[in-house]
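Everything below concerns the one structure shown next.
Residue numbers (this note's numbering): 13 to 195.
Shown next as structure tokens:
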């Protein structure tokens, strides 16, 4: 187990408010200190009953219908608790509790849902996080004249999104910082 591994996590939810919305998919992966993917965790679709799905935000519902996730949610047999357990089993093979930061795009939003619905998983991460969206804002502010941008596919599926987050981070590192200066 390497203490410099980074844990990447993404949730798909029925909306943005953890007080009324629920997670419907979770995926994790691990990168090394050079942000190379070294392990892919489970990509789990979480069952939600129709009464929960009825409370989905219209934007989330449309997004999940387009991605094909919507129809898989009610047919999944994985509970939130099972998803938390399976994810923790994977993470324990690659990181120690409280050491690795949580990484991804706008990861504070995912963390809010983890705190509410998967508290043991939320506690596994270090309190710090690596938010690729913050780098995007810096890059777009400082490098706006370069006219070189990172193009997202926006599949809105958890594993696709975190792989894209890793690629996006590497894009910003390549274009903002000389790699030999930070490695």
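A virtual CB, placed ideally from N, CA and C, is assigned to each residue, including glycine.
If you draw a straight line from the alpha carbon of residue i to that of residue j, how long is it in whole angstroms?
i	j	result
residue 130	residue 80	24 Å
residue 60	residue 74	16 Å
residue 37	residue 158	36 Å
residue 140	residue 114	7 Å
residue 195	residue 35	Residue placement at residue 195 is poorly supported in this model, since its pLDDT is 45, which falls under 50; the coordinates are not used for a value here.
residue 39	residue 122	11 Å
residue 188	residue 151	7 Å
residue 124	residue 63	22 Å
residue 49	residue 160	24 Å
residue 146	residue 71	23 Å
residue 168	residue 82	11 Å
residue 28	residue 156	29 Å
residue 142	residue 92	24 Å
residue 138	residue 118	16 Å
If the criterion is Cβ atoms closer than 8 Å, does the pair residue i and residue j meet it?
i	j	result
residue 26	residue 67	yes
residue 128	residue 30	yes
residue 107	residue 19	yes
residue 77	residue 170	no
residue 177	residue 116	yes
residue 100	residue 132	yes
residue 197	residue 21	Because the chain here runs from 13 to 195, residue 197 falls outside it and cannot be looked at.
residue 33	residue 69	yes
Let me check understanding here. Comparing Cα to Cα, which of the options lies closest to residue i?
i	options	result
residue 162	168, 171, 144	144
residue 42	36, 52, 30	52
residue 180	47, 33, 72	47
residue 98	58, 118, 154, 120	58
residue 95	45, 126, 147, 44	126
Can you tell me the Cβ-Cβ gap for residue i and residue j, rounded? I've got them flagged as a contact below 8 Å.
i	j	result
residue 182	residue 112	The Cβ separation is near 18 Å, so there is no contact.
residue 103	residue 136	6 Å
residue 65	residue 90	That belief does not hold up - the Cβ atoms of residue 65 and residue 90 are roughly 15 Å apart, past 8 Å.
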